[in-house]
Structures are given as structure tokens and as C-alpha cells.
Amino acid sequence: ESNNAAISALLLFSNGTDDKKYKGERSPCDPSRVLHIRRVPIEVSEAEVISLGVPFGKVTNLLMLKGKNQAFIEMASEEAAITMVNYYTTATPHVRNQPVYIQYSNHRELKTDNLPNQGRAQAALQAVSAMHSGNMTLSGTATASDGGMMPGQSPVLRLIVENLYYPVSLEVLHQIFSKFGTVLKIITFTKNNQFQALLQYADPMNAHHAKMALDGQNIYNGCCTLRVEFSKLTSLNVKYNNDKSRDFTRLDLPSGDGQPTLDPSMQTAFGAPGIISSPYPGAAGFAPAIGFHQAGLSMQTMPGALGPLTIPSSAMTGRMTIHGMAPTTIHSVLLVSNLNPDSNFSFILAGVYGDVHRVKILFNKKENALIQMADATQAQLAMSHLNGQRLYGKVIRVTISKHQTVQLPREGQEDQGLTKDFSGSPLHRFKKPGSKNFQNIFPPSATLHLSNIPPSTTDDFLKDLFASSGYTVKAFKFFQKDRKMALIQLGSVEEAIQALIDLHNHDLGENHHLRVSFSKSTI
1 ESNNAAISAL
11 LLFSNGTDDK
21 KYKGERSPCD
31 PSRVLHIRRV
41 PIEVSEAEVI
51 SLGVPFGKVT
61 NLLMLKGKNQ
71 AFIEMASEEA
81 AITMVNYYTT
91 ATPHVRNQPV
101 YIQYSNHREL
111 KTDNLPNQGR
121 AQAALQAVSA
131 MHSGNMTLSG
141 TATASDGGMM
151 PGQSPVLRLI
161 VENLYYPVSL
171 EVLHQIFSKF
181 GTVLKIITFT
191 KNNQFQALLQ
201 YADPMNAHHA
211 KMALDGQNIY
221 NGCCTLRVEF
231 SKLTSLNVKY
241 NNDKSRDFTR
251 LDLPSGDGQP
261 TLDPSMQTAF
271 GAPGIISSPY
281 PGAAGFAPAI
291 GFHQAGLSMQ
301 TMPGALGPLT
311 IPSSAMTGRM
321 TIHGMAPTTI
331 HSVLLVSNLN
341 PDSNFSFILA
351 GVYGDVHRVK
361 ILFNKKENAL
371 IQMADATQAQ
381 LAMSHLNGQR
391 LYGKVIRVTI
401 SKHQTVQLPR
411 EGQEDQGLTK
421 DFSGSPLHRF
431 KKPGSKNFQN
441 IFPPSATLHL
451 SNIPPSTTDD
461 FLKDLFASSG
471 YTVKAFKFFQ
481 KDRKMALIQL
491 GSVEEAIQAL
501 IDLHNHDLGE
511 NHHLRVSFSK
521 STI
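Residue numbers (full-length UniProt numbering): 1 to 523.
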């Protein structure tokens with residue numbers, strides 16, 4: 001065996017002296033479909049080495065040098081090899097719990113026909129190939145939910161997060177879905193007033209297993225429900241690496257917002273699985289305490305939430321911890337610009353996303369206000385949903401303020417009524433722990449959800465109420481099973497925001513006050 005290893009090593013490191021065996025010598029820095037794997041544990045099998053390459057494409061050849069703890073694998077294409085090297089640059093692969101290191105070989109092609117003891121390697125290659133072709137055939141007999149796409153045919157999943165009470169970042173999705181295989185690319189976006197994502201695995205079977213395990217699961221207890229289906233796309237084209245999109249195989253991509261690409265020293269942390277970075281202030285405070293290996297998450301033991309996922313105490317106290325950084329305080333006070341200079345106006349609008357405790361209209365800039373929410377989580381939620389919305393022809397700007405609280409005027413101090421305390425208001429939507437309102441928080445939309453409607457109220461009465469207030473009513477319908485609730489669709493999102501402010505808590509008689517919120521549905 002040692003003689004065979006020596007012969008193989010001699011041939012491999014001949015650096016061009018045996019052109020009959022190896023063709024196209026070039027610099028070790030140049031990409032090649034032949035990859036050199038170092039520090040391979042001596043007890044590792046051929047199949048385990050092949051499995052390192054399978055997620056990225058077909059492995060066409062293998063040479064094991066067990067005496068030197070090394071191996072060489074040949075991918076079917078250079079593109080597959082580049083993807084594999086790029087991915088493992090950010091996430092060091094482990095075999096038998098030992099890290100192994102992968103780099104381009106200085107050989108373009110791996111010729112092993114005349115080498116001794118290649119029978120096991122060729123048998124392993126054939127077995128892996130047969131297994132994957134069998135998986136594809138088997139999965140092709142099933143029916144999928146995305147336009148006839150069969151499970152296993154596409155490595156791309158389409159994700160929808162419902163009941164989005166806490167923000168879900170790209171990093172959180174990467175950490176969850178990496179449990180089921182190598183995640184290559186993620187693109188997040190908002191469509192139909194829902195947070196959605198496209199996620200590409202290296203292997204279609206990974207996508208199939210992730211869909212089976214995660215569809216219908218909650219990211220956090222009681223909210224942020226995952227809906228997972230196959231996409232009609234078979235590959236994603238990511239142009240920028242930022243908080244909205246990420247190609248984990250391309251660390252050289254720009255951020256797309258005028259900022260330079262990441263410093264090389266930060267690239268490992270940028271793409272490494274299991275590290276939750278912060279795409280925007282406060283996001284890390286919402287990161288689920290996943291810890292899959294510690295939690296023992298398995299497809300058989302998920303009762304409806306992703307293992308023992310809980311909102312960490314850091315999210316509730318406004319403290320967050322970013323990998324490698326000291327904890328930072330996230331304030332619960334918002335600075336809002338281009339608003340109507342009315343405290344009640346601000347109270348009702350921000351109150352859709354949390355309980356407003358205090359509002360201060362700025363003396364010198366009456367269109368600006370400081371709004372203190374009950375906690376940093378609610379402040380972040382209000383900012384993410386309201387920033388950039390149009391209202392009365394102006395674009396609302398919402399940021400986290402540097403102030404920790406909104407100070408009430410001292411006794412005898414002239415304030416002109418610019419500061420109001422709403423902490424004891426009966427109109428808070430979220431003061432009851434576990435309230436269903438936590439599960440029904442949606443971005444502004446043209447369709448409003450109406451509730452607390454008296455039994456005697458007709459659809460014409462409610463349509464007239466909105467129309468007489470100056471709004472365009474496009475559609476209306478009561479809930480079939482509960483006429484205390486209805487949906488009303490107005491002319492635009494801007495109209496709907498204005499109508500919510502005007503008519504939330506409107507007195508309908510019979511001791512009923514109208515409750516208005518944004519809906520995820522359309523009529």
C-alpha cells in the first residue's frame with residue numbers, strides 16, 4: 001500500500017514531467033476542476049471524500065493518498081470546482097470531526113486509469129452516482145406545489161414568513177436552512193405585503209428535505225411561520241452581498257449601496273454558517289437561539305416550532321450582542337419626519353406596531369416627532385414597516401433616535417402641549433401578554449382589516465363611513481364565519497394609512513368602537 005501511495009504521489013507532484021498522465025499544467029493559484037484536499041484523516045473512506053464535492057456537482061474522478069493524508073477529486077466542470085472552493089473558503093469542511101482544507105490543484109485533469117488500487121475509488125464514484133440518479137428518479141414521481149415542479153428537480157425554494165412579529169434576517173434563514181445542506185445563495189424581498197425569500201441549495205435533495213421538515217414551522221414561538229415551496233427557478237443570480245441578498249460562493253460581490261466590499265479579514269465571518277451578523281441596528285436582538293447541534297433539532301422531533309426556539313431576553317430588553325462585539329443598547333425612541341404635527345396622529349399610526357408611551361412634537365420642526373415605544377423590539381418593528389411610506393403626499397422617514405426616553409415637561413414648564421403621555425391609554429393593542437394582535441402585524445396595505453363591528457351594522461353603512469370621509473372604496477366583504485370582522489379595500493396604500501388614522505376607534509354605537517389594522521389579504 002505504501003508503495004502504491006508513493007507511486008501516486010510521485011505522479012501527482014511530478015509538476016509536468018509526466019505529460020502522458022497529466023495535461024495542462026498551470027499555477028496552483030489558477031482555478032481547476034481538479035481539487036487538492038489536505039489533512040484527510042487516514043480512516044476516511046472514498047465515499048466520504050466524494051461527499052464533499054457532491055453538493056456542487058458531479059464528481060468524475062478520485063485519487064486517495066492515505067499515507068499522506070491527502071486526496072484529489074475531479075469535478076465535472078471548472079464552474080462546479082470554483083463554487084466548491086469559494087464555499088469552503090468561508091466554511092471549513094469537516095470529515096470525521098476533523099477540518100480538511102481544499103485548494104485548486106495545478107493539474108487540469110486527473111488521469112488514474114493505470115494506477116493500482118483504484119477499484120475502490122471507482123466503485124465509490126459509481127455508487128454515489130447511482131444513488132443520486134435514483135433519488136432524482138424517485139423524487140420525479142412525486143407531485144409538488146409549484147406549477148408542476150417535482151420535489152428534487154429544483155434546488156431553489158421559495159419561502160414566505162407569515163405572522164411576522166419579529167424581523168427575520170437573511171442570516172437567520174441561512175442558519176436555519178443550513179441544517180439541511182449547503183446553502184449557496186439567498187435573496188429576500190417583500191411581495192404582496194409579505195416577507196419572502198428565494199434560497200438556493202447546492203443539491204436539490206437538500207431542498208426537498210428542508211421543505212418536508214420546515215414547511216409550517218414557527219421560527220419563533222407563536223409567530224413568524226415558514227411557508228416553504230419549490231420555486232420554478234433552478235438557479236439564482238445574486239448581484240450584491242448585503243442584508244437583502246447574499247451569494248455565499250462569491251465574497252467579492254459589491255454591497256450595491258455605494259459601500260466598498262468587505263475587508264478580507266471580515267469575509268470569513270461574513271459568510272460563515274452559525275454566525276449571525278447584524279444587517280441593521282437591532283436585528284441581532286431578534287436572532288433565534290437556534291444552536292441546532294445543542295438543541296438536537298431533528299425532522300422527527302419538531303412539534304411546530306423549530307426545536308426549543310425562544311426569543312432571547314436580549315430581544316425583550318433592547319440589548320443585542322453581535323459576534324465579536326460588546327453588547328449595545330438599542331433605544332425604544334423613534335425619530336419620525338414628515339408627519340402631521342399632531343400627537344394623536346403619531347400615537348395611532350405607530351400604535352399599529354407597538355404600544356406608544358409618549359410623543360413629543362419638536363418645537364422648531366413641527367413635522368418631526370419623537371415617539372417612545374414600549375420597548376426596542378416594537379420601535380424596530382414600527383421603523384421597518386413605516387419608513388418610506390407615503391402620507392399626505394410626503395414620504396415618512398423613521399429612524400431610531402439617540403434619546404433613550406422622551407422626557408415629560410417639568411411642572412410649571414411651558415410646553416405648548418407638544419409632549420403627551422399615552423402610557424395609560426386604553427387603546428394600546430399589545431398590553432395583554434399573548435394577545436392575538438401579536439400574530440396579526442402586517443406592513444401597510446391598501447386592504448384594511450376591520451373588527452369589533454356591532455351585529456346590526458351593514459356593509460353599506462361601513463362603505464359609506466369610509467366614502468364620506470373622502471376615501472375610495474374599491475371592495476368590501478364581511479368574514480363569512482364572523483360578521484364582527486370585515487375587509488375593506490381602498491384606492492391606495494397611502495389612502496389606507498390615512499383611513500386607519502382617521503377611523504381607528506371610531507364610535508359605531510352599541511358600545512362598539514371600530515378597530516382598524518392592515519391586512520395581509522386582498523379582496
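Virtual Cβ for every residue (Gly too), placed ideally from N, Cα, C.
List the whole-angstrom C-beta distance separating residue i from residue j, where the pair is believed to meet the contact cut-off of C-beta under 8 Å.
i           : j    : result
Q378        : D355 : 7 Å
K185        : V238 : 5 Å
T112        : N163 : Incorrect: roughly 55 Å between the Cβ atoms, too far for contact.
residue 576 : Q389 : Lying outside 1 to 523, the shown extent of the chain, residue 576 is not represented and no answer is given.
V398        : L334 : 6 Å
Q480        : I523 : Contact doesn't hold; Cβ gap of about 13 Å is too wide.
A121        : L63  : 7 Å
S469        : V352 : Their Cβ separation, rounded to whole angstroms, is 18 Å, which puts S469 and V352 out of contact at 8 Å.
H331        : S401 : 6 Å
P55         : T182 : 4 Å
S255        : Q200 : The pair is not a contact, with the Cβ atoms about 20 Å apart (cut-off 8 Å).
V44         : R96  : 6 Å
T350        : A382 : A small correction: the amino acid at residue 350 is Ala; Thr does not occupy that position in the sequence shown. That belief holds up - the Cβ atoms of A350 and A382 are roughly 5 Å apart, short of 8 Å.
Could you name the residues of the same chain whose beta carbon sits closer than 6 Å to that of residue i, not counting the 5 residues immediately before and after it, in chain order?
i    : result
K420 : S343 and V359
T249 : T83, N86, Y87 and L184
I160 : Q194, Q196 and R227
R515 : S451 and N452
S337 : N368 and R397
Q103 : H36
E495 : Y471
G491 : T472
A80  : F56 and G57
Just curious, the alpha helix (DSSP H) that residue i is in, first and last residue?
i    : result
D502 : V493 to L503
F72  : First-last for F72: Q70 to M75, but that is the beta strand (DSSP E), not the alpha helix (DSSP H).
E411 : Taken as a continuous stretch (DSSP letters only), E411 belongs to no alpha helix (DSSP H), as it is neither H nor E.
A350 : S343 to A350
What is the DSSP secondary structure of residue i, counted as helix, strand or coil?
i           : result
E43         : coil
L386        : helix
T458        : coil
S517        : strand
R429        : coil
F442        : coil
G181        : coil
V49         : helix
Q380        : helix
F56         : helix
M373        : strand
residue 524 : Nothing in the structure corresponds to residue 524, since the chain is present only between 1 and 523.
G424        : coil
E510        : coil
S337        : strand
T170        : The question names Thr, but residue 170 in the sequence shown is Leu. It is helical.
I396        : coil
L391        : strand
I523        : coil
A419        : The question names Ala, but residue 419 in the sequence shown is Thr. Residue state, collapsed to three classes: strand.
Q118        : coil
residue 536 : Shown here, the chain extends from 1 to 523; a query on residue 536 therefore has no answer.
Q175        : helix
Q98         : strand
E367        : coil
Using a Cβ-Cβ cut-off of 7 Å (strictly less than) and excluding sequence neighbours within five positions of residue i, which residues of its own chain qualify?
i    : result
F180 : N206, H209, A210 and A213
F422 : F347, V356, H357, R358 and V359
S519 : F442, S445, T447, L448, H449 and L487
K463 : V473 and F476
Y165 : C223, C224, F438, Q439 and I441
T405 : V333 and Q372
Whose C-beta lies closer than 8 Å to the C-beta of residue i among residues of the same chain, with five residues either side of it excluded?
i    : result
A76  : R33, G57, K58, V59 and T60
D459 : F476, K477, F478 and A486
Tell me where the beta strand (DSSP E) around residue i begins and ends.
i    : result
L63  : V59 to L65
H331 : Run containing H331: none; DSSP gives neither H nor E here.
S451 : T447 to S451
E162 : V156 to E162
F478 : V473 to F478
Y165 : Unbroken run through Y165: none, as it is neither H nor E.
K360 : V356 to I361
A486 : A486 to L490
Should residue i be listed as close to the ligand FAD, given that the test is whether its C-beta is under 7 Å from any heavy atom?
i    : result
S435 : The model depicted lacks the ligand FAD and carries no ligand whatsoever.
Between residue i and chain D, is the shortest Cβ-Cβ distance under 8 Å, so that the two count as touching?
i    : result
V359 : Included in the structure is just one protein chain, with no chain D present.
Practice item. Write down every uninterrupted run of the alpha helix (DSSP H) in the segment 187-265 whose length is 4 residues or greater and which is fully enclosed by it, in chain order. Key: The alpha helix (DSSP H) runs of length 4 or more contained entirely in the segment 187-265 are, from start to end of the chain, 204-214.
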